[in-house]
Amino acid sequence: MIMTAKHQYKSYTAATQNTSKLQQILCVYDVMMRNMEIARTAIKGKRIEERYNALAKTSEIITSLQSAIDFENGGMIARLLYEFYSSVNRRITTIQQTSNIAICDEVISEIAKMRNAWHTSEQLDGDQEERVQPTPVIAAKAIATANIPEFSSFPSNVTLSA
């Protein structure tokens with residue numbers, strides 16, 4: 004059955020009204036990881052257009068997440084998330100230019116780590132459904148263990164105030 008744009012919009016609206024913000028973020032990370040896997044498979048199969056489209060979709064999502072960061076209330080974690088997203092986007096650009104599977108694998112791994120940080124944050128903050136940023140310590144540890152050159156000297160035992 005082919006869904007019309009009107010039906011897709013209604014389905015999306017219903018889903019967003021019935022799903023917590025953190026669950027929505029987890030779904031977005033799942034989509035990014037799926038797109039990166041599609042890009043990886045396309046690179047192996049030398050399907051340039053498919054690789055390009057999958058990476059472009061991931062980059063659009065990253066840019067949307069980055070633009071939604073609340074710097075006023077997010078403190079240091081907001082800055083860290085912004086830099087994390089910037090780094091991922093730079094590496095997506097590199098993958099577009101080089102079709103480097105190793106970099107693609109790194110990006111998949113880093114997105115998975117950050118997704119897990121959000122998931123852990125949700126478990127810790129289950130009663131705070133409106134919270135839209137991962138717990139600072141969890142996010143900082145996810146970023147610290149990421150294979151991102153800009154964060155290689157970031158201490159993994161960092162403690163941040165919310």
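Numbering (the working numbering), first residue to last: 4 to 165. Ideal Cβ positions, reconstructed from N, Cα and C, are used throughout, including at glycine.
Looking at the structure shown, is Thr-123 part of a helix, part of a strand, or coil, going by DSSP?
Within the sequence shown, numbered from 1, the residue matching residue 123 stands at position 120. Three-state result, Thr-123: helix.
Specify the secondary structure class of Ala-71 as computed by DSSP and reduced to three states.
For the purposes of this step, residue 71 is taken as the residue at position 68 of the sequence shown. Three-state DSSP puts Ala-71 in coil, outside helix and strand.
Counting along the chain, where does the alpha helix (DSSP H) carrying Asn-38 start and finish?
Reading the sequence shown from its first residue, position 35 is the one you call residue 38. 24-47 is the span of the alpha helix (DSSP H), which, as asked, contains Asn-38.
Candidates Thr-66, Ala-57, Asn-56: closest to Glu-86 by CA position
By one-based count along the sequence shown, residue 86 stands at place 83. That would be Thr-66, whose Cα lies nearest to the Cα of Glu-86.
Ser-89 - DSSP class collapsed to helix/strand/coil:
Mapped onto the sequence shown, residue 89 falls at position 86. The answer is helix: DSSP assigns Ser-89 an H, G or I state.
Would DSSP call Arg-54 helix, strand or coil?
For this step, residue 54 is matched to residue 51 along the sequence shown. In the structure shown, Arg-54 sits in a helix (DSSP, three-state: H, G or I).
If you drop the 5 nearest sequence neighbours on each side, which residues of the same chain put their C-beta closer than 8 angstroms to that of Lys-97?
Locating residue 97 in the sequence shown gives position 94, where the first residue counts as 1. Per the sequence shown, residue 97 should be read as Thr rather than Lys. Closer than 8 angstroms at the Cβ level, and outside the excluded window around Thr-97, lie Asn-103, Ile-106.
If you drop the 5 nearest sequence neighbours on each side, which residues of the same chain put their C-beta closer than 8 angstroms to that of Arg-43?
Counting from one through the sequence shown, the residue named residue 43 turns up at place 40. Once the five neighbours on either side are set aside, the close Cβ partners of Arg-43 are Ile-104, Cys-107, Asp-108, Ile-111.
By alpha-carbon positions, which one of Met-35, Ile-28, Gln-69, Ile-51 ends up nearest to Gln-100?
Within the sequence shown, numbered from 1, the residue matching residue 100 stands at position 97. Nearest of Met-35, Ile-28, Gln-69, Ile-51 to Gln-100, Cα basis: Ile-51.
Measuring alpha carbon to alpha carbon, tell me which residue in Ile-95, Leu-84, Arg-93 is nearest Lys-116.
Numbered from 1 along the sequence shown, position 113 holds the residue referred to as residue 116. The candidate whose alpha carbon is nearest that of Lys-116 is Leu-84.
Checking 8 angstroms against the spacing of the C-beta atoms, do Met-36 and Ile-95 come in under that value?
Reading the sequence shown from its first residue, position 33 is the one you call residue 36. Reading the sequence shown from its first residue, position 92 is the one you call residue 95. Result no, Cβ atoms of Met-36 and Ile-95 do not sit closer than 8 angstroms.
For Asn-76, count neighbouring C-beta atoms within 10 Å of its own C-beta (all shown protein chains included) and say buried if the count is 16 or more, exposed if not.
Looking up residue 76 in the sequence shown gives position 73. So Asn-76 ends up on the exposed side.
What residues in its chain sit with their C-beta under 6 angstroms from that of Arg-118, if we drop five residues either side in the sequence?
Translated into positions along the sequence shown, residue 118 becomes position 115. Same-chain partners within the cutoff: Tyr-32.
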